[in-house]
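Here's the structure we're looking at; comments come further down.
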Amino acid sequence: MGNRLSKIYTKTGDDGTTGLGDGSRVAKDSARVIAYGTVDEANSCIGLLLAATLPDDVREVLVRIQHQLFDLGGELCIPGHAAIFDADVEALEARLDHYNDDLPALKDFILPGGGEAAARCHIARTVVRRAERDSVTLSRHDAVRPQAIRYLNRLSDLLFVLARVLARADGQGEVLWEHARRS
20 MGNRLSKIYT
30 KTGDDGTTGL
40 GDGSRVAKDS
50 ARVIAYGTVD
60 EANSCIGLLL
70 AATLPDDVRE
80 VLVRIQHQLF
90 DLGGELCIPG
100 HAAIFDADVE
110 ALEARLDHYN
120 DDLPALKDFI
130 LPGGGEAAAR
140 CHIARTVVRR
150 AERDSVTLSR
160 HDAVRPQAIR
170 YLNRLSDLLF
180 VLARVLARAD
190 GQGEVLWEHA
200 RRS
């Protein structure tokens, strides 16, 4: 295990820079810091989702994902580091297929909502989508492994499906977009 912080504030970031995992310093608004910061935000959103009442199997999946998001943040924070692999993406795909199999086909757009847990899941989904966009932005000028971007893409899909599952489990059902409504 690396160094433990005995003091939370270091004052080294007072100049608008922060240290990466490899010891280099970059601006706090650099694309790399934005990308791993958004991954951290997504992890926090999943933590908020975990504070809701959830089926045990969904809870297990989300806890595993939190650990992987922490790993992914490390990968983005340490240039050249690898922490997310093809097997991680494939595991998300397997969970996605598992949960999607029992859902009816989509015929309408779904609005975020459907109960507290489903709404929290939708928030996590949108933050993961932003983490994906931020990682793509970073990849335009720094190396980002394709597994990281694919992981975030599959994770947002999984969170969409889990929001559908949670809306049904809560008994509220999905909130469908009414395209023919009148103002």
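Position 22 of the sequence shown, counting from 1, maps to 41 under my numbering, and the rest follow consecutively. The beta-carbon is built from N, C-alpha and C at its ideal position, and this holds for glycine as well. Since we're looking at a predicted model, the values are computed, not measured.
6 angstroms CB neighbourhood of residue i in its chain, flanking five on each side removed
i: L95; result: A54, Y55
i: M20; result: Low per-residue confidence applies at M20: pLDDT is 49, beneath 50, and the placement is therefore not dependable enough to give any value.
Spatial distance of residue i from residue j (CA atoms)
i: L130; j: C64; result: 18 angstroms
i: R114; j: V80; result: 8 angstroms
i: D105; j: A199; result: 42 angstroms
i: D189; j: Y118; result: 15 angstroms
i: K203; j: T37; result: There is no way to answer for residue 203, as the model of the chain reaches only from 20 to 202.
i: K126; j: V52; result: 39 angstroms
i: R44; j: A70; result: 35 angstroms
i: A110; j: S49; result: 31 angstroms
i: F128; j: K30; result: 48 angstroms
Status (buried if at least 16 other CB within 10 Å, exposed otherwise) for residue i
i: W196; result: exposed
i: H141; result: buried
i: G134; result: buried
i: D90; result: buried
i: A162; result: exposed
i: R164; result: buried
i: R183; result: buried
i: G92; result: buried
Residue from the options with nearest C-alpha to residue i
i: R187; options: P123, R152, V163, D176; result: P123
i: I42; options: D59, I97, L157; result: Sequence check: residue 42 is Gly here, not Ile. Per the Cα distances, I97.
i: L88; options: R78, T57, D116, P74; result: T57
i: R139; options: L73, G40, H100, I168; result: L73
i: G132; options: V184, G35, R44, V194; result: V194
i: V108; options: R78, G192, R83, G40; result: R83
Where residue i sits in the DSSP three-state scheme
i: I129; result: strand
i: L36; result: The sequence shown places Thr at residue 36, not Leu. Correct three-state label for T36: strand.
i: R44; result: strand
i: C195; result: Note that residue 195 is Leu in the sequence shown, not Cys. Of the three classes helix, strand and coil, the one that applies to L195 here is strand, per DSSP.
i: M20; result: Low confidence applies here, because M20 scores a pLDDT of 49, under 50, leaving its location unreliable; read the following figure in that light. Correct three-state label for M20: coil.
i: F104; result: coil
i: G66; result: helix
i: H86; result: helix
i: V155; result: helix
i: D120; result: helix
i: S49; result: coil
i: T57; result: helix
i: G92; result: helix
Close beta carbons around residue i, own chain, < 8 angstroms, minus the five adjacent residues each side
i: A143; result: A61, C64, I65, L67, L68, L178
Contact set for residue i: own chain, Cβ-Cβ below 7 angstroms, skip 5 residues either direction
i: V147; result: A61, L171, L174, S175, L178
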